[in-house]
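Protein chains in written order, with the numbering used here: chain W, 1 to 221; chain C, 222 to 437; chain A, 438 to 699. Down below is the structure, laid out as structure tokens.
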């Protein structure tokens with residue numbers, strides 16, 4: 001084998017990994033927050049709009065879902081500034097991309113969530129005289145959010161892993177940090193073992209935390 | 222602008238061919254490996270089930286990019302020297318295999334227990350139950366999500382551009398490097414990926430409808 | 438009780454079973470003679486379905502013996518707890534037929550296909566022979582015209598009748614019926630019970646778990662009342678269902694039943 005494991009160099013530069021992990025989480029959180037807004041607005045619009053609007057929203061969703069994320073990242077970061085008078089940093093550009101990306105997936109999640117709200121609840125809302133807007137805010141959205149919580153958790157976990165693509169435009173998240181250590185210390189196996197462990201552990205912690213939130217939500221009826 | 226793009230089309234087409242070739246290899250290899258491991262997960266002895274579980278959860282718990290880098294840079298370090306192309310295919314195959322295992326587990330697991338019981342009740346042996354009752358149903362439940370998942374292989378193949386392999390993504394980057402026509406080329410690339418993947422997801426949806434009867 | 442002229446076809450003796458710490462069957466004994474229709478009634482949790490599923494070894498049992506035509510089901514011998522081989526078990530199960538509450542038809546096979554599977558793979562019949570037998574039994578249950586329909590295209594009552602045909606086509610020694618009408622819409626129950634009735638009249642040996650009291654009264658040779666994992670009362674329908682039954686448990690069960698059903 002001829003390769004002896006030496007983790008010292010990894011620990012010396014651990015700040016790159018730890019800082020990268022925190023940035024990855026930050027990117028994921030901001031992106032899903034914006035993505036939720038996009039997804040909600042479009043989902044509500046979708047279920048109450050006509051064919052034209054529906055087609056446009058569907059086109060957006062299908063486009064994002066079928067194009068590689070890396071291409072979208074390049075397109076937004078390198079491509080847009082050539083046609084629009086925009087200048088942004090790599091992290092900002094990535095968050096914009098990932099928000100649009102997650103928004104597309106969340107439209108689907110929220111749309112089916114809205115359609116899964118039991119008819120009986122809507123009827124009850126009408127029966128006590130709520131306006132359509134009130135029914136939306138007080139009946140449909142709360143129920144839908146509870147229904148879609150598991151799918152939201154899964155989307156967030158996916159998003160956390162997708163932040164690794166930010167490394168291609170030099171955003172110093174976790175994968176970028178791993179590559180930096182890789183190129184500067186040549187401790188490939190060690191750095192990737194540690195990085196893998198960090199992604200896995202963070203994933204489990206997030207999963208656990210999200211399950212707790214789900215349970216709390218279900219209890220608070 | 223248009224002229225430059227048209228001039229670059231053959232080069233882009235070559236990149237597209239590489240993308241398709243990588244995707245095809247990954248899909249076929251992962252199907253074989255995934256089915257073998259999946260069967261081990263569902264019907265194997267405890268140690269096998271544990272091993273497959275750990276493999277699958279680990280692979281699916283990390284970003285594809287990390288897996289690709291780990292394989293690409295890590296293998297030479299431990300003495301295994303593959304060409305970039307095959308290292309990339311291996312990494313993507315590992316990723317897809319874990320997915321295939323999950324599809325299989327889901328397909329078999331979603332078959333109601335009553336099916337096995339009914340098959341037992343008419344006197345079929347274990348092997349007969351698998352062949353005539355479980356497999357036909359598992360296959361129809363497996364196929365639609367699997368076809369849909371092929372899009373992940375195609376999208377994942379774009380990452381091999383980072384390893385210097387001239388697939389469609391890399392070809393686009395290189396042409397942009399020469400012509401500076403970033404936006405048109407990115408849009409063109411996006412449309413090509415879209416065409417391939419959208420066709421696959423439509424096929425998957427149609428199959429899902431055709432096989433709806435299998436879910437009663 | 439069993440006699441030389443008509444020994445018990447199914448002989449259940451002191452069968453006990455526990456799921457973890459919960460005792461589901463407590464030393465249950467039961468007999469079914471050839472040609473008899475025995476119905477098990479009782480509150481939920483009384484172990485009646487579990488007992489039925491022990492007869493074709495879909496559930497194992499911890500102690501006691503279950504014999505069909507003298508042969509122990511599931512274990513090499515009543516004494517040992519050595520399970521029979523896969524092959525033996527399959528052969529034993531081919532001698533019993535079961536109809537399920539949720540039908541459990543094979544969705545990828547047509548009605549005829551469902552019936553033919555066992556005939557071809559277990560009884561070794563040829564395609565043509567199996568088809569003929571399948572069509573015969575489909576005709577018998579009134580579904581000859583649906584031979585090539587998929588289960589998804591059939592109503593609940595039709596599916597269950599195919600389920601019955603599938604079990605009976607194997608010519609089992611005893612037919613096990615597990616609450617076969619509980620999952621059906623009320624208006625479809627009649628057609629299924631009519632089929633069971635006619636099979637009984639033709640001499641099919643049956644062990645049935647059901648909530649259909651009227652049917653139990655009219656079609657059974659004997660009714661067994663189970664409660665809390667044990668047999669609480671056995672007897673002919675008239676005796677069991679009579680209002681003045683001396684069994685407290687039975688009386689309250691029937692009273693609750695009459696209150697909601699009759």
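From the three backbone atoms N, C-alpha and C, an ideal C-beta is built for every residue, glycine too. Keep in mind that this is a model prediction, so the values were computed, not measured.
Asked: Proximal chain A residues relative to residue 431 of chain C, where beta-carbon distance stays under 9 Å; Found: Residues of chain A passing the Cβ test: none, with the nearest at roughly 12 Å.
Asked: Buried/exposed call for residue 290 of chain C, threshold 16 Cβ in 10 Å; Found: buried
Asked: Listed by chain order, chain E residues near residue 493 of chain A by CB distance under 7 Å; Found: Although the question refers to chain E, the structure presented lacks it and instead comprises the protein chains W, C and A.
Asked: Spatial distance of residue 284 of chain C from residue 273 of chain C (CA atoms); Found: 19 Å
Asked: Short CB-CB distance (under 8 Å) between residue 85 of chain W and chain C; Found: no
Asked: Residue 470 of chain A, enclosing beta strand (DSSP E) - first and last residue; Found: 459 to 470
Asked: Cutoff 6 Å; reference residue 195 of chain W; Cβ partners in own chain excluding five residues on either side; Found: 178
Asked: Below-8 Å beta-carbon distance, residue 558 of chain A vs any chain C residue; Found: yes
Asked: Contained alpha helix (DSSP H) runs [length at least 4] in the segment 41 to 106 of chain W, N- to C-terminal order; Found: 51 to 66, 69 to 74 and 80 to 83
Asked: Span of the beta strand (DSSP E) around residue 641 of chain A; Found: Where residue 641 of chain A is concerned, there is no enclosing beta strand (DSSP E), given that its DSSP letter is neither H nor E.
Asked: Coarse secondary structure for residue 439 of chain A, derived from DSSP in three states; Found: With a pLDDT of 49 at residue 439 of chain A, under the threshold of 50, the modelled position of that residue is not reliable, and the figure given next carries that caveat. Looking at residue 439 of chain A - three-state DSSP - the assignment turns out to be coil, as it is neither helix nor strand.
Asked: Among C/233, C/318, C/281 and C/399, the one whose alpha carbon lies nearest that of residue 157 of chain W; Found: C/281
Asked: C-alpha gap between residue 381 of chain C and residue 160 of chain W, whole angstroms; Found: 21 Å
Asked: Residue 265 of chain C versus residue 258 of chain C - alpha carbon distance; Found: 9 Å
Asked: Beta-carbon neighbours of residue 168 of chain C, restricted to chain A and to distances below 7 Å; Found: Because chain C spans 222 through 437 in this model, residue 168 of chain C falls outside it and cannot be assessed.
Asked: Residue 388 of chain C, DSSP secondary structure in three states; Found: coil
Asked: Spatial distance of residue 616 of chain A from residue 537 of chain A (CA atoms); Found: 7 Å
Asked: Residue 134 of chain W classed as buried or exposed, judged by whether at least 16 other C-beta atoms fall within 10 angstroms; Found: exposed
Asked: Residue(s) in a DSSP beta bridge with residue 659 of chain A; Found: A/475
Asked: Pair within 8 Å by beta-carbon distance, residue 112 of chain W and residue 35 of chain W; Found: no
Asked: CB contact below 8 Å: residue 71 of chain W versus chain C; Found: yes
Asked: Interface partners of residue 652 of chain A on chain C, CB under 7 Å; Found: Chain C residues near residue 652 of chain A: none, gap ~22 Å exceeds 7 Å.
Asked: Residues bridged to residue 153 of chain W (per DSSP); Found: None; residue 153 of chain W has no bridge partner.
Asked: First and last residue of the uninterrupted beta strand (DSSP E) at residue 394 of chain A; Found: Lying before the first or after the last residue shown, residue 394 of chain A is absent from chain A, which here runs from 438 to 699.
Asked: Helix, strand or coil at residue 381 of chain C according to DSSP, with G and I counted as helix; Found: helix
Asked: Within chain A, partners of residue 266 of chain C - CB distance below 8 Å; Found: Those within 8 Å of residue 266 of chain C in chain A number zero; the least Cβ separation is about 16 Å.
Asked: Any C-beta of chain C under 8 Å from that of residue 309 of chain W; Found: Within the shown structure, residues of chain W are numbered from 1 to 221, placing residue 309 of chain W beyond reach of any answer.
Asked: Cut-off 6 Å between Cβ atoms - residues of its own chain near residue 152 of chain W, not counting five sequence neighbours on either side; Found: none
Asked: Residue-level contact to chain A via CB, residue 359 of chain C, 8 Å cutoff; Found: no
Asked: Beta carbon proximity, residue 230 of chain C to chain W, threshold 8 Å; Found: no
Asked: For residue 650 of chain A, the nearest candidate out of A/486, A/569, A/691 and A/631 (CA to CA); Found: A/691
Asked: Short Cβ contact (8 Å threshold) for residue 435 of chain C with residue 545 of chain A; Found: yes
Asked: Closer than 8 Å at the beta carbon, the chain C residues around residue 513 of chain A; Found: Going along chain C, no residue has its Cβ under 8 Å from residue 513 of chain A, so there is no contact; the nearest lies around 18 Å.
Asked: Chain C within 8 Å of residue 161 of chain W, Cβ atoms only; Found: yes
Asked: Given 8 Å, three or more beta-carbon pairs between the segment 364 to 379 of chain C and the segment 310 to 322 of chain C; Found: yes
Asked: Contact with chain W by residue 422 of chain C, beta-carbon distance below 8 Å; Found: yes
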